[in-house]
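In case it helps, mature numbering (1 follows the signal peptide of the UniProt record, and there is no 0) puts the sequence shown at residues -19 to -1, 1 to 179. Remarks on the structure that follows.
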Amino acid sequence: MKFILLLVLTVAFIGPSFCLEELVLNRETAFEIKIRAHLDEEKENFRFYVTMPRNYYVSVGFGDGMLNSPVVVIDPTAAGMDGVPVIHDAYSKGRAKPKDNAENIYTIIDSTNVGMTSRVTLQRPVVVQREDRDETIPFDETLEMIYAFNPDKYGFHGKYNKGFFTMKVNSGTGDVTFNYGKRNDEPYRVQKIVKGTE
C-alpha cells in the first residue's frame, strides 16, 4: 500500500513531463538539443521543455517553412547576469531574420543552467489572435514545424542547422507527439524521437 501511494505521489509531483515524448535534434554531433511539449492542466497553455547548449540559440516555428510562420527563439547567448535566456516571440516573412512581435506571448516558467547546458520551460496561450493573423494551435491535427539553431548570437543559422518535423496535440490528454517526414523530398535532417523517458 505504501509503495502504491508513493508511486501516485511521485507521478503527481513530476507531472506531465514524466511521460513526454522527446524530439532530439542534431544527434550526430557532440551535443543534443531536446524538445518536449505538453498542454497545461487546463489545456489553455502550450508548454515547451527545451534542453540545449548555453552557447547556442534554438528556434522553433509553426509552419512548413520560413514564409509567414510564427517563431519562438530561445537565446541563452543574450542572457543577462542572471543567466535567464532571452525569448523572442517573432514572425518570419521569408528567408531573413524573423521580426519580433510588439507583444511577447511567451512566458518563462523555469530556467536552469548546469555547466554548458540550459534547461528552459516556456509557455504560450493556445489561443492567440493577433491584429492581422490567427496563431491559435489546433488540436488533433498534424502540424508542420520548422527548427533552426546555431552557436553564438542569434542570427543566420547556416545551411545545415535547420530542419522540419511534425507535431500533434492530443485534445484529450494534452500530450504532444512528434514525427518525421519529408518536405519536397528533403529529409527531416538528423533527428530521433524518444517514446517516453529514457
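Beta carbons: idealized from backbone N, C-alpha and C, even for Gly. This structure is a prediction, so every number in the text was calculated from the model and none was measured.
**Close-in-space but distant-in-sequence residues of the same chain around M126 (CB under 6 Å, 5 per side omitted)** = F146 and M148
**Request:** Helix, strand or coil for T123, going by three-state DSSP, please let me know.
**Result:** coil
**Item:** Reduced DSSP category for K(-18) - H, G, I as helix; E, B as strand; rest coil
**Value:** Interpretation of K(-18) is limited by its pLDDT of 44, a score under 50 that renders its predicted location unreliable; the figure taken from the coordinates is listed afterwards. DSSP places K(-18) in helix when its eight states are reduced to three.
**Request:** Please specify which runs of the beta strand (DSSP E), each continuous and at least 3 residues long, are wholly inside the segment 28 to 69, giving them in chain order.
**Result:** 37 to 43 and 48 to 56
**Item:** Delimiting residues of the beta strand (DSSP E) encompassing A83
**Value:** From DSSP, A83 is part of no beta strand (DSSP E); its letter is neither H nor E.
**Prompt:** Who pairs with R17 in a beta bridge, going by DSSP?
**Reply:** Y30
**Item:** P168 burial status per 10 Å Cβ neighbour count (16 or more: buried)
**Value:** Reliability fails at P168, whose pLDDT of 49 lies under 50, so the model's placement of it is uncertain and no value is given.
**Asked** Anyone know if the C-beta pair for T98 and I90 falls short of 7 Å?
**Response** no
**Request:** Using 6 Å as the cut-off, classify the Cβ of R111 as near or not near the heavy atoms of the ligand FMN, replying yes or no.
**Result:** Inclusion of the ligand FMN in the displayed structure is not the case, the ligand content being empty and no account of it being possible.
**Request:** Could you have a look at N160 and say whether DSSP puts it in helix, strand or coil?
**Result:** strand
**Backbone CA spacing between V(-9) and D21 [nearest angstrom]** = The pLDDT assigned to V(-9) is 35, lower than 50, so where the model puts this residue is not dependable; a value taken from the coordinates is nonetheless given after this. Spanning the two alpha carbons is a distance of roughly 15 Å.
**Prompt:** With 16 other CB atoms within 10 Å as the buried threshold, where does P119 fall?
**Reply:** exposed
**Item:** Simplified DSSP assignment, three categories, for Y72
**Value:** strand
**Asked** Out of N36, K78 and N26, which has the shortest C-alpha to C-alpha gap to L48?
**Response** K78
**Request:** In the DSSP assignment, find the unbroken beta strand (DSSP E) run with E3 in it and report its ends.
**Result:** E3 to L6
**Message:** Can you list, in chain order, the residues of its chain with a C-beta nearer than 8 Å to that of T117? Leave out the 5 residues immediately preceding and following it.
**Reply:** V107, V108, V109 and Q110
**Message:** With H, G and I counted as helix, E and B as strand and the rest as coil, what does DSSP make of R105?
**Reply:** strand
**Message:** Just to confirm, is the Cβ distance from G42 to V52 under 7 Å?
**Reply:** yes
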